[in-house]
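Down below is the structure, laid out as structure tokens.
Protein chains: 2
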Amino acid sequence: MKDTKRDILDAAEQLFAAKGPHATSLRQIIGRAKVNLAAVHYHFGSKESLLQSVMARRLVPLNAERLALLEEQERACGRRAVPLQKVLAALVGPALRLSRNPKKGGAVFMQLLGRCFMEPDLKIQAMLDRQLQEVASRFIPALQRALPKLPEEDFFWRIHFLVGAMAHTMADAERLRTFSGGRCNPDDTEAMIEQLVNFLSAGFKAKSR
Amino acid sequence: MKDTKRDILDAAEQLFAAKGPHATSLRQIIGRAKVNLAAVHYHFGSKESLLQSVMARRLVPLNAERLALLEEQERACGRRAVPLQKVLAALVGPALRLSRNPKKGGAVFMQLLGRCFMEPDLKIQAMLDRQLQEVASRFIPALQRALPKLPEEDFFWRIHFLVGAMAHTMADAERLRTFSGGRCNPDDTEAMIEQLVNFLSAGFKAKSR
DNA sequence: AATTTTTTCAAACGTTCGTATGAATCAGGT
DNA sequence: ACCTGATTCATACGAACGTTTGAAAAAATT
């Protein structure tokens, strides 16, 4: 039996990720999904809410996993602050790990998520903000508790740099393969997570100037 | 006297930066520049080469400044390696500083540059690669000399994170103002450069795992 | 002043976009 | 077998897109 809705979501995810939501037309999507053009509006209402559905399908479980990991660490630490590395790993780990799971969109969705971070379109921005608000509201205090001596100004700048490094890694890790002349392998996700967490935690721990 | 070519470049720069090149139409550009639609094709040939011209106008002097700064540091250091902070400052400083110069596009162009870094479009990617190749070929050896003990794999990962943090800071520093609740001020470019260089150099110096 | 070259302009080209419509087809319950 | 609601389909709509054209206007050259 044929699951039109899922076919559309899969095709849209791939094309949005590869070319950006704005540069992808519904006709390309329905061509890949092998469904009728009107099916998109029947099942999703509009292109914009199709994008929203594509994102939500992966982001909802992803964010749940992030929060669960963080809570697990907090339970393990009692009333002590969770170490910085653990907080960062809970934040970036599930996202980067998702890329190794082809059944859940694999690298494709990660790329799309990275793209949406950088997308100028205000509708997309608002949609993403909504999806990430809960994660932010839990992780920022956790990070602050792990870095009690860091001035707030430095702290927020470094959050900003974290987002940039993470988004770029999500959107275009593949680029690094050729750029590094094959020395870096983006398919080795655990190594990638370790590299990113290691880099970020050193950056966060830099002494304020 | 009216300088059509410059009016088009200015308007295109602003709109490309604000909405992304793909989401900006020629009709929006000529509306802001108050010129005729055909003038774009008369002066630039196509939308794509208009974007190329917009980028080149700022990037050529910007990259020259980066290389000059690096060479100055190398001269000052004799045959010793240039310290990491100095290399990073020569790389990100001119770009971030450009944002304080409204006569040269100010924050607007920086935002566009950040966007183009993340742009999926292959034409744009190729154009940017061309513009940045010389800078990359000079700065990568300089960075490697400043970090002689860092394994190459780690080195290239960290270059990747650097690009992400820098691009995000260029594209959307403004977002940090509200996100930080006013604690960070993206208009203070020197502070921004210092924050970024400080963060990056700590990340680069993190011990390999 | 006449001629040539460069620049501007209004109008249109063909294409593609997201969306809408109404009929055809299918599935499940009665 | 019949009906009913859900889904698919071909087709069309108006709008916007990048690009082209050929003539008018302006500037430069002679």
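Chains A and B, in that order, give the protein sequences. Under our numbering, think of the first position of the first sequence as 1395, with each following residue one higher. Under our numbering, think of the first position of the second sequence as 1395, with each following residue one higher. Think of the CB as a built atom: it goes at the ideal place given N, C-alpha and C, for glycine as much as any other residue.
Verify whether the separation of the beta carbon atoms of Q1422(B) and L1403(B) is less than 8 angstroms.
Residue numbering aside, residue 1422(B) sits at position 28 when the second sequence is read from its first letter. Residue numbering aside, residue 1403(B) sits at position 9 when the second sequence is read from its first letter. In this structure, Q1422(B) keeps its C-beta atom at 8 angstroms or more from the C-beta atom of L1403(B).
The segment 1587-1602 of chain B: which residues have C-beta closer than 9 angstroms to a C-beta of chain A, in chain order?
Here the close residues are E1588, Q1589, L1590, N1592, F1593, L1594, S1595, A1596, G1597, F1598, K1599, A1600, K1601 and S1602.
Assign V1591(B) to one of three DSSP states: helix, strand, or coil.
Sequence index remark: in the second sequence, residue 1591(B) carries index 197 (1-based). V1591(B) falls in the helix class under three-state DSSP.
Using beta carbons (cut-off 8 angstroms, strictly below), is E1407(A) in contact with chain B?
Your numbering for residue 1407(A) matches position 13 in the first sequence. No, E1407(A) lies away from the interface with chain B (no Cβ there is under 8 angstroms from its Cβ).
Determine, using beta carbons only, whether G1558(A) and A1484(B) come nearer to each other than 8 angstroms.
Indexing the first sequence from 1 puts residue 1558(A) at position 164. Indexing the second sequence from 1 puts residue 1484(B) at position 90. No, the pair does not count as a contact, with Cβ atoms beyond the cut-off.
Comparing the C-beta of D1397(B) with each C-beta of chain A, is any distance below 8 angstroms?
One-based indexing of the second sequence puts residue 1397(B) at position 3. For D1397(B), the answer is no, since every Cβ of chain A falls outside 8 angstroms of its Cβ.
Contained alpha helix (DSSP H) runs [length at least 4] in the segment 1538-1570 of chain A, N- to C-terminal order:
Qualifying alpha helix (DSSP H) stretches: none in this window.
Between which residues of its own chain and V1502(B) is the CB-CB distance below 7 angstroms, once the five residues before and five after are set aside?
Counting from 1 along the second sequence, the entry for residue 1502(B) is found at position 108. If we look at V1502(B) and ignore the five residues flanking it on each side, its Cβ neighbours are E1407, Q1408 and A1411.
P1455(B) (DSSP reduced to helix, strand or coil)
Position 61 of the second sequence, counting from 1, holds the residue named residue 1455(B). In the three-state scheme derived from DSSP, where H, G and I count as helix and E and B as strand, P1455(B) is classed as helix.
With 16 other Cβ atoms within 10 Å as the buried cut-off, status of P1415(A):
Position 21 of the first sequence, counted from the first residue, corresponds to residue 1415(A). Here P1415(A) is buried. Its C-beta has 16 or more other C-beta atoms within 10 Å.
At the 8 angstroms Cβ level, is F1550(B) part of the contact set with chain A, yes or no?
Walking along the second sequence from the start, residue 1550(B) turns up at place 156. Chain A, which has a Cβ nearer than 8 angstroms to the Cβ of F1550(B), makes this yes.
Using a Cβ-Cβ cut-off of 8 angstroms, state whether E1547(B) counts as contacting chain A.
Position 153 of the second sequence, counted from the start, is the residue given in the question as residue 1547(B). Interface residue, yes.
C-alpha distance - A1475(A) paired with N1592(A), whole-angstrom precision:
To locate residue 1475(A), count along the first sequence from 1; it is residue 81. To locate residue 1592(A), count along the first sequence from 1; it is residue 198. So the alpha carbons of these two residues sit roughly 19 angstroms apart.
How would you label D1523(A), buried or exposed, when you count the other beta carbons within 10 angstroms and need 16 or more for buried?
Counting from one through the first sequence, the residue named residue 1523(A) turns up at place 129. D1523(A) is exposed by the Cβ-count criterion.
DSSP state of R1400(A), grouped into three classes?
The residue labelled residue 1400(A) in the question sits at position 6 within the first sequence. Three-state result, R1400(A): helix.
Within 10 angstroms of its Cβ, does G1425(A) collect 16 or more other Cβ (buried), or is it exposed?
Numbered from its first residue, the first sequence carries residue 1425(A) at position 31. Counting other Cβ atoms within 10 Å of its Cβ, G1425(A) stays below 16 and is therefore classed as exposed.
Quick one, which of A1600(B), D1582(B), L1590(B) and K1413(B) has its alpha-carbon nearest V1481(B)'s?
Within the second sequence, the letter at position 87 stands for residue 1481(B). Of the candidates A1600(B), D1582(B), L1590(B) and K1413(B), the one whose C-alpha sits nearest the C-alpha of V1481(B) is L1590(B).
Taking 8 angstroms as the threshold (C-beta atoms), are L1453(B) and Q1525(B) in contact?
By one-based count along the second sequence, residue 1525(B) stands at place 131. By one-based count along the second sequence, residue 1453(B) stands at place 59. Yes, the pair counts as a contact, with Cβ atoms nearer than the cut-off.
Quick check: the segment 1525-1542 of chain B against the segment 1542-1552 of chain A, are at least 3 beta-carbon pairs closer than 8 angstroms?
As far as the Cβ criterion goes, the segment 1542-1552 of chain A does not touch the segment 1525-1542 of chain B, which means the pair count is below three.
Label H1435(B) either buried or exposed according to how many other C-beta atoms from any shown protein chain fall within 10 Å of its C-beta, with 16 as the threshold for buried.
On the second sequence, residue 1435(B) is found 41 positions in, with the first residue counted as 1. Exposed.
Please classify S1419(A): is it buried, with 16 or more other beta-carbons within 10 angstroms of its beta-carbon, or exposed?
Working through the first sequence from its first residue, we reach residue 1419(A) at position 25. For S1419(A), the number of other beta carbons within 10 angstroms of its own is below 16, and it is reported as exposed.
Between Q1505(A) and the rest of its own chain, which residues show a CB-CB distance below 6 angstroms, the 5 nearest in sequence each way excluded?
The residue labelled residue 1505(A) in the question sits at position 111 within the first sequence. Excluding residues within five positions, the ones whose Cβ falls inside 6 angstroms are A1411 and A1565.
Looking at the structure shown, is E1465(B) part of a helix, part of a strand, or coil, going by DSSP?
In the second sequence, the residue the question calls residue 1465(B) occupies position 71. Secondary structure of E1465(B) (DSSP, three-state): helix.
Spatial neighbours of E1442(B) in its chain, beta-carbon cut-off 7 angstroms, leaving aside the 5 residues before and after:
Locating residue 1442(B) in the second sequence gives position 48, where the first residue counts as 1. K1517.
Mind checking if A1483(B) is an interface residue toward chain A, Cβ cutoff 8 angstroms exclusive?
Position 89 of the second sequence, counting from 1, holds the residue named residue 1483(B). No, A1483(B) lies away from the interface with chain A (no Cβ there is under 8 angstroms from its Cβ).
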